[in-house]
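In the working numbering, the protein residues as written are 61 to 286.
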């Protein structure tokens, strides 16, 4: 973090809780170094060389997490509808969506005393939405929405997968199979499945501080190029 970021991002990072730190950390590593990020509970089903990348100009690969009714949005703690996955991401360095995500977190932290302290479910399931909106998939989806707007694309046009500029958006089954909504393959048997997320949800229950990542090396294959 110290090697690549500026004082504003570092100050933001220090004020976040350990869960929110991990969100910002992944955006920073992918933006400055590039590579592939996956949460510890994401299982690779197809090797990277078998991912159906549209063309050589793709700079960011992400997937749809879910889309549906307002009731589903509220019950499933989506901040956006559709909402995009950030438990698995692949990016070339310097992609603008990641820059927007990093900058927006800093903007949203201005005037805040600090992030929550993890284990949000202890304060009620719905309290987790703060982290989702501040640094998690809600924030990331906001950054994707901003990019889509620049390309004059409605997010609803991407729910079945899409290629928009240098962004490739995979279908729900690609990164988020096993759900009981959004047309997801509940058994994860679809040929579209690339990653199986096990939805451990430890960030909602764990109140212990994680390892400091200010000087940590990337824990992902940052030299991977697609």
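Where is the CB? At the ideal position from N, CA and C, for every residue including glycine.
What whole-angstrom Cβ distance do residue i and residue j have, given they're in contact under 8 Å?
i, j, result
"residue 108", "residue 124", "19 Å between Cβ atoms; not a contact."
"residue 151", "residue 116", "15 Å between Cβ atoms; not a contact."
What does the alpha-carbon distance come out to for the pair residue i and residue j?
i, j, result
"residue 166", "residue 86", "15 Å"
"residue 159", "residue 91", "7 Å"
"residue 202", "residue 161", "8 Å"
"residue 219", "residue 210", "18 Å"
"residue 243", "residue 127", "9 Å"
"residue 286", "residue 169", "Reliability fails at residue 286, whose pLDDT of 46 lies under 50, so the model's placement of it is uncertain and no value is given."
"residue 215", "residue 208", "7 Å"
"residue 73", "residue 163", "12 Å"
"residue 99", "residue 226", "23 Å"
"residue 113", "residue 254", "12 Å"
"residue 238", "residue 141", "19 Å"
Out of the options, which one is the CA nearest neighbour of residue i?
i, options, result
"residue 256", "148, 204 and 126", "148"
"residue 240", "191, 225, 259 and 251", "259"
"residue 199", "248, 145 and 217", "145"
"residue 153", "193, 225, 118 and 71", "118"
"residue 120", "65, 66 and 204", "204"
"residue 157", "224, 105, 189 and 112", "224"
"residue 217", "69, 237, 143 and 189", "143"
For residue i, which residues from the same chain have a beta carbon less than 7 Å from its beta carbon, with the 5 sequence-adjacent residues on both sides left out?
i, result
"residue 269", "Legend: pLDDT at residue 269 = 49, less than 50; position of this residue unreliable, value from coordinates given subsequently. 78."
"residue 195", "76, 80, 83, 84 and 165"
"residue 221", "229, 230 and 231"
"residue 105", "253, 254, 255 and 256"
"residue 213", "224"
Give every residue of the same chain whose Cβ lies closer than 6 Å to the Cβ of residue i, excluding the five residues on either side of it in the sequence, and list them in chain order.
i, result
"residue 64", "92"
Q: Let me know the beta strand (DSSP E) ranges lying completely inside the segment 69-143, each 3 residues or longer, listed in chain order.
A: DSSP runs (the beta strand (DSSP E)) wholly in the segment 69-143: 95-98, 102-104 and 120-126.
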